[in-house]
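Visitor: Per this note's numbering, the very first residue in the sequence shown carries number 1; after that it's consecutive. We put the beta carbon where it would ideally sit given N, CA and C, even for glycine. From a predicted model like this one, the values you see are computed outputs, not experimental measurements. Below you will find the structure I want to go over with you.
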Amino acid sequence: MKPAPFQYECPRGEAELAEILASRGSEAKVLAGGQSLLQLMNMRVLKPKLVVDINRIESFHYIREEETSIAVGPLIRHRDLVKSDLVRTKCPMLSKAVRFIGHQAIRNRGTALGSLAHADPGAELPTVMTALGGELTAAGLNERMEIVASRFFQGVNQTSLLPTQYLQEARFPKIRAGEGHAFHEFSMRYNDPAIVTSAVSIFTDEFGVVTRIRGALGGVGSTPVYFEPEAASLVGAIADEKAAADAAERVASGLEPPDHLFSSAAYRKELAVHLLKKGIMEAYTEAVRKEM
C-alpha cells in the first residue's frame, strides 16, 4: 500500500516549524519517528496534504534533569530512554515501560513524544504520563502552553493539541523518597500491542505503611484511566497479598472497558485486576526497600 500524494517540508529550526504549522497546520502532520503516522498514511486512514519532517531540528534531541522532573525532547527515541541511566534512576516507571514498546526496530525509530501525540489509550507512555501526573508543553507561533496529562488525552488518538501546535516537551515527574514504581502489561505475543497496561506508584513511611497510592490503567477506556481514591483502602495499611487484591478489585469494579474481537470487556477487567495486584506488590516492595 502507498500513501496518497503529499507535499514535504523539512524545517531546520523551531521558528520555521512554527511558521509552517501556523499557515498550513490544518492540512499537515508532523513526522518524527513515523512508526504510527506512516502506517496510517500507507493504509490511507490519514491523507495529509503536507508532511513536516522535524528530524533536522537539532535542539529537539535532549533528556534533561530538572528540579522535579525528567524533561524529554521531541526527537528522543525509545532506545534513548532504554539506555539512559538518568531515566533508570530518576524515573524507574518510564524506564520499565519503554522496554515493552514494540520491537527493537520500532524502539530505534519511534519517539517518546510521537507516542504521546498518537494517544493510543493502551500504549505504554500515555499510561505512565497519566499515572505520574506528568506535564506536556505545546508550542506554536508566538505561543507556548503547559498541559497536564489528564487534560492532554481526549480520546482514542485524540489530544488537546491544536493543528497549529507541535508537542515541544514532555516532563515525567522524578521518583521521590519512599516511593516505588511498577509497570506491567499483557499482550498476546511478546512485543505485540498491549491489551491492558498497568502503572503503579506507592509511597510508604519508615514503618512500611502505605501513605499514598496512585496509578493508571491503559486499554480499559478511550484514554488511560487514572486511579487514586479507588485504591485508598491501602492507605494506612501494609500491602500484603490480600490488601493488594482488594485494592485491585475496587479499582477494576469501576472500569468500563471496550469490547474487542480478541478481548472482551470482562477479560480486560480480569487482566486489570491481575496486573494491578502484581504492580501493587512490586511497587510496595520497592518503596519499603528505599525506606530501609
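#1: Can you have a look at residue 78 and say buried or exposed, based on whether 16 or more other CB atoms are within 10 angstroms of its CB?
#2: Going by other Cβ atoms of all chains shown within 10 Å of its Cβ, with 16 needed for buried, is residue 30 buried or exposed?
#3: Go ahead and pull the three-state DSSP assignment for residue 166.
#4: May I ask you to report which of helix, strand or coil DSSP gives residue 279?
#5: Going straight from the alpha carbon of residue 36 to that of residue 62, what length do you get?
#6: Report the CB separation of residue 139 from residue 18 in whole angstroms; it is logged as a contact under 8 Å.
#7: Less than 8 Å between the C-beta atoms of residue 146 and residue 137, yes or no?
#8: Can you tell me where the beta strand (DSSP E) holding residue 144 begins and where it ends?
#9: Grab me the residues of residue 203's own chain with a C-beta within less than 6 Å of its C-beta, minus the 5 sequence neighbours each way, in chain order.
#10: Going by DSSP, which residues form a beta bridge with residue 204?
#11: How long is the line joining the alpha carbons of residue 20 and residue 72, rounded to whole angstroms?
#12: On the DSSP letters alone, give me the boundaries of the beta strand (DSSP E) that residue 57 sits inside.
#13: Please state whether the Cβ-Cβ distance between residue 111 and residue 74 is less than 8 Å.
#14: Please identify the residue among 53, 76, 225 whose C-alpha is closest to the C-alpha of residue 200.
#15: Would you mind reading off the limits of the beta strand (DSSP E) that contains residue 154?
#16: Could you check if residue 1 is buried or exposed, using at least 16 other CB atoms within 10 Å of its CB as the buried criterion?
#17: Quick check: what's the CA-CA separation for residue 182 versus residue 165?
Guide: Well, looking at it:
#1: One-based indexing of the sequence shown puts residue 78 at position 78. Buried.
#2: Locating residue 30 in the sequence shown gives position 30, counting from the first residue. Counting every other CB atom within 10 Å of its CB across the protein chains shown gives residue 30 a total of 16 or more, marking it as buried.
#3: For the purposes of this step, residue 166 is identified with residue 166 of the sequence shown, where counting begins at 1. Here residue 166 sits in strand by DSSP.
#4: Locating residue 279 in the sequence shown gives position 279, counting from the first residue. For residue 279, the three-state secondary structure derived from DSSP is helix.
#5: In the sequence shown, counting from the first residue as 1, residue 36 sits at position 36. In the sequence shown, counting from the first residue as 1, residue 62 sits at position 62. Approximately 22 Å, taken between the alpha carbons.
#6: Looking up residue 139 in the sequence shown gives position 139. Looking up residue 18 in the sequence shown gives position 18. Residue 139 to residue 18, Cβ: 7 Å. Contact.
#7: Numbered from 1 along the sequence shown, position 146 holds the residue referred to as residue 146. Numbered from 1 along the sequence shown, position 137 holds the residue referred to as residue 137. Cβ distance < 8 Å, so residue 146 and residue 137 count as in contact.
#8: The residue you call residue 144 lines up with position 144 of the sequence shown. Looking at the DSSP string, the run of the beta strand (DSSP E) that includes residue 144 is 143-148.
#9: Within the sequence shown, the letter at position 203 stands for residue 203. Correct list, in chain order: 178, 179, 211, 212.
#10: Against the sequence shown, residue 204 aligns to sequence position 204. Answer is 210, bridged to residue 204.
#11: Counting from one through the sequence shown, the residue named residue 20 turns up at place 20. Counting from one through the sequence shown, the residue named residue 72 turns up at place 72. For the pair residue 20 and residue 72, the Cα-to-Cα distance works out to about 23 Å.
#12: Start at 1 with the first residue of the sequence shown, and residue 57 comes out as number 57. For residue 57, there is no enclosing beta strand (DSSP E), as DSSP marks it with neither H nor E.
#13: Stepping through the sequence shown from its first residue, residue 111 is reached at position 111. Stepping through the sequence shown from its first residue, residue 74 is reached at position 74. In this structure, residue 111 sits near residue 74, with a CB-CB distance shorter than 8 Å.
#14: In the sequence shown, counting from the first residue as 1, residue 200 sits at position 200. It is 225.
#15: Looking up residue 154 in the sequence shown gives position 154. Start and end: 153-155.
#16: Taking the sequence shown and counting its residues from 1, the one referred to as residue 1 is at position 1. That one is exposed.
#17: Translated into the one-based positions of the sequence shown, residue 182 becomes position 182. Translated into the one-based positions of the sequence shown, residue 165 becomes position 165. Take the alpha-carbon of residue 182 and the one of residue 165: they are about 33 Å apart.
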